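Right, one structure below, let's go through it.
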Amino acid sequence: MLQIKNLLRVAMRSILKNRMRSLLTSLGIIIGVSAVIVMVAVGSGSQAKIEQNISALGTNLIIVMPGSSRTGGVRGGAGSFNRFTFNDVEKLQKESTLLSGISPVVRSGGQIIGGTGNWNTSIYGVSTDYFTIRNWQLESGEFFTEKDIAGKRKVALIGKTIADELFADQDPVGQSIRIRNIPFTIIGVLKSKGQSGMGMDQDDVILAPSTTVLYRLKGTQYIDMINASAIDTEHMNAAQEEMRLILRESHRLDEGTDDDFSIANQAEITETVTATSKTMTLLLGAIAAVSLVVGGIGIMNIMLVSVTERTREIGIRLSIGARASDILVQFLSEAVVLSLSGGLIGIILSFATVYGLNHLTDIYAVINPEIIVISAMFSAVVGIFFGFYPARKASALNPIDALRYE
Amino acid sequence: MEKVIETRKLVKIYQMGDLAVHALRGIDLTVESGDFLAIMGSSGSGKSTLMNLLGCLDVPTSGDYYLNGKLISSLDKREYADIRNQQIGFIFQGFNLLARTSALENVELPLFYDRTGRIKNHRKAAIEALERVGLGERLDHEPNQLSGGQQQRVAIARALVNKPAIVLADEPTGNLDSRTSIEVISVLQYLNNQGITIILVTHEPDISNYAKRIVRIKDGLVLWDKQVESRRDAAADLAGLADEETEIEGTVPCCK
Chain W
608 MLQIKNLLRV AMRSILKNRM RSLLTSLGII IGVSAVIVMV AVGSGSQAKI EQNISALGTN
668 LIIVMPGSSR TGGVRGGAGS FNRFTFNDVE KLQKESTLLS GISPVVRSGG QIIGGTGNWN
728 TSIYGVSTDY FTIRNWQLES GEFFTEKDIA GKRKVALIGK TIADELFADQ DPVGQSIRIR
788 NIPFTIIGVL KSKGQSGMGM DQDDVILAPS TTVLYRLKGT QYIDMINASA IDTEHMNAAQ
848 EEMRLILRES HRLDEGTDDD FSIANQAEIT ETVTATSKTM TLLLGAIAAV SLVVGGIGIM
908 NIMLVSVTER TREIGIRLSI GARASDILVQ FLSEAVVLSL SGGLIGIILS FATVYGLNHL
968 TDIYAVINPE IIVISAMFSA VVGIFFGFYP ARKASALNPI DALRYE
Chain A
4 MEKVIETRKL VKIYQMGDLA VHALRGIDLT VESGDFLAIM GSSGSGKSTL MNLLGCLDVP
64 TSGDYYLNGK LISSLDKREY ADIRNQQIGF IFQGFNLLAR TSALENVELP LFYDRTGRIK
124 NHRKAAIEAL ERVGLGERLD HEPNQLSGGQ QQRVAIARAL VNKPAIVLAD EPTGNLDSRT
184 SIEVISVLQY LNNQGITIIL VTHEPDISNY AKRIVRIKDG LVLWDKQVES RRDAAADLAG
244 LADEETEIEG TVPCCK
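So this is what it looks like as structure tokens:
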């Protein structure tokens, strides 16, 4: 085999002899590679954003919803058969080993009056674990405590939206607020979480001790749902299964009967949402990859022209002792150098494009290191694949015919 | 004298559709080391075909070809390429230099394909070859910056760089004026004096008289084969021309 160094030199020389043509030839690869990288970057950017939104929902979150009722064959919707009580929560707290936090959620809502006016919002009655489960942080004031829960104290934490609506220019902490005509003391303001992935304002909420909401606002004994955190991401499914078994036992369900509740975990939710955006990313990448193939055909076209144009050169090389394989390797390496350098320029271009997108537009794009390696390799493969036929044609030339070619 | 080339009943038939063209009908030719042979013949006589066979650019339809005592008509394409590279130097009518490539790099080219590694310093060998043909000053000139005679001398340097025993020249003066032709021939005579066997194809009787021996080909057969009686000396002829003309450009150092 001839030295790689010399081969590359010969290839570079003939590429540089036709600068303009080489550039135009590589343009197909340049555009193809940068399109693949940018498209995938935009795709994984939006994926990352969605994942970020979902993780704001909580840490390793598991949600248990009540099941549906069945009365003489007629089934009610979700939550129509509500049998969660504080007993279920206590049993979970006592028996579970894979949960780091458990909180009942008692949902209520209605008109609230305080500060400079009134506002209609949702009130969630929760335990102290809820703050960590759902990733809530304080803007000011403090969280309520176990004592507040035990004493059914009328204390409340308000979301940023409510603080802005009712206490525009004063500190809400320490102020009084009337929820459905029952006075509560505001002990803290929650840090803003912004919109949820579905576009709901997560800051339009009031958190109060579960007992207070259940007994003073709603006057029932059933809680609406249970939120829990698994100890870590790996144990999400095991924790979910453990919860299911404890709750079945708590509800005295016989073997063979269906659960009277449903459990969903965050991983499942994330999966569903990201699956869609993954499909989109794949689709974008695939479309861009088509342009890469078109770029490869461009290289083949030019290499074929080049072989015809340089028939005499091939004849000269053969006559002074080049083997057919030498000619093959020469043209092949030329095609590979063309497509690889196109690939490199494409990578640089894609970095510039992604930088521009992130800084000048609202589009968030993340360059995936794997896709760079893949597209660089792909461009080399394109060079070999589409360069092989012309190179083969060149090496099959008969020295005498090639020398006579005008 | 040692035989460098020996052919026995060399036949070449080109198949063109239904028509079989008998280019060579059985050539018996022996060339001894150090000979300077001129192959003559009208166009279509088969002299170029013979040249291609001798130069291992083509394979005979039948017959045997011994190069340096070795039967090579049965070798494969790769071995042919290596023979062209290491044992034979070519000079063509149309020079056949790589365009937009310096004289030095053109001369280095055969070394690029030499797998034996006999010649370590490519650049040095190429410069030496160019100096031998009197172009030591024009290493970086590209073919379009050189005159026809100079281009042909670059081609001769390229044929020499791999130190072949035989140089084949196919109408090397066909594209040159008479003065430059003599110049190129004088280089060939100089190389021949150094022991390189030279085979020259030409249809000009003037040029053939610079050889030691003339073989005339007609219709694919050797018509006659004889020694040149009054061999001409290209260097002397050049000197004679120099006397006639007042100005000479591009003198060839080897012929002074």
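Taken in order, these protein sequences are the chains called W and A.
Here the first sequence stands for residues 608 to 1013, where the numbers follow my numbering.
Here the second sequence stands for residues 4 to 259, where the numbers follow my numbering.
Note that the Cβ used here is the ideal one computed from N, Cα and C, for glycine as well.
Since the structure is predicted, the reported quantities are computational estimates derived from the model, not experimental observations.
Chain W places a beta carbon closer than 8 Å to that of Tyr116/A, counting this residue as a contact. For the pair Thr692/W and Ala763/W, the Cα-to-Cα distance works out to about 22 Å. Cα atoms of Lys656/W and Tyr971/W: separation of roughly 8 Å, rounded to the nearest angstrom. Arg216/A places its beta carbon less than 8 Å from that of Gln230/A.
With respect to Leu101/A, Glu941/W sits apart: the two C-beta atoms are not nearer than 8 Å.
At the C-beta level, Val649/W and Leu891/W come within 8 Å of one another. Closer than 8 Å to the CB of Gly994/W there is not a single CB belonging to chain A.
Here Arg161/A has Asn109, Val110, Leu112 and Pro113 as same chain residues with Cβ atoms under 7 Å from its own Cβ, once five neighbours each way along the sequence are excluded.
Per the coordinates, the alpha-carbon of Leu614/W lies some 31 Å from the alpha-carbon of Pro175/A.
Lys624/W has a beta carbon lying within less than 8 Å of a beta carbon in chain A. Beta-bridge partners of Thr792/W (DSSP): Val762/W and Ser783/W. Apart from the 5 residues on each side of it in sequence, Ile769/W sits with its Cβ closer than 7 Å to the Cβ of Trp726, Thr728, Asp811 and Ile813 in its chain, given in chain order. Secondary structure at Pro208/A: helix, using DSSP grouped into helix, strand and coil.
In the three-state DSSP reduction, Pro175/A falls in the coil class, being neither helix nor strand.
Of all residues in the segment 902-923 of chain W, the ones placed with a Cβ closer than 8 Å to any Cβ belonging to chain A are Arg919, Glu920, Gly922 and Ile923, in chain order. Excluding its 5 nearest sequence neighbours in each direction, Asp839/W has C-beta neighbours in its own chain below 8 Å: Asn667, listed in chain order. Listed along chain A, the residues sitting closer than 8 Å to Ile1007/W by beta-carbon distance are Asn55, Leu60 and Asp61. Less than 8 Å divides the Cβ of Gly724/W from the Cβ of Leu773/W. For Arg121/A, none of the residues of chain W pass the 9 Å Cβ criterion, the least Cβ distance being about 13 Å.
Residue contact check for Arg930/W against chain A: a CB pair falls below 8 Å. In the structure shown, the three-state DSSP call for Phe39/A is strand.
Counting along the chain, Glu746/W sits inside the beta strand (DSSP E) bounded by residues Leu745 to Gly748. Against chain W, a Cβ distance below 7 Å from Arg87/A picks out Ser926, Ile927 and Gly928.
Going by C-alpha positions, Met850/W is about 33 Å away from Ile786/W.
Burial state of Trp227/A is exposed, judged by a 10 Å Cβ sphere holding fewer than 16 other Cβ atoms.
Contact note: Asn99/A reaches chain W through Arg919, Gly922, Ile923, Ser926 and Leu1010, using a C-beta cutoff of 8 Å and chain order. Ala896/W places its beta carbon 8 Å or farther from that of Ile669/W.
Contact check for Pro997/W against Val914/W passes: the beta carbons are separated by less than 8 Å.
Within the same chain, Gly903 come within 7 Å of Phe992/W by CB-CB distance, once the 5 residues on both sides are set aside.
Contact of Asp969/W with chain A is not assigned, every C-beta pair being separated by 8 Å or more. A straight line joining the alpha-carbon of Asp240/A with that of Ile923/W spans about 32 Å. Residue-level contact check: Asn965/W does not touch chain A, since none of the beta carbons of chain A fall below 8 Å from its beta carbon. With a minimum length of 3 residues, the unbroken runs of beta strand (DSSP E) contained wholly in the segment 85-166 of chain A fall at 91-94.
By the Cβ neighbour-count rule, Met984/W is exposed, with fewer than 16 other Cβ atoms within 10 Å of its own. Taking Gln89/A as reference, the option from Leu78/A, Val7/A, Arg121/A and Ser150/A with the minimal CA-CA separation is Arg121/A. In terms of Cα proximity to Asn625/W, the closest of Asp117/A, Arg103/A, Asn165/A and Asp67/A is Arg103/A.
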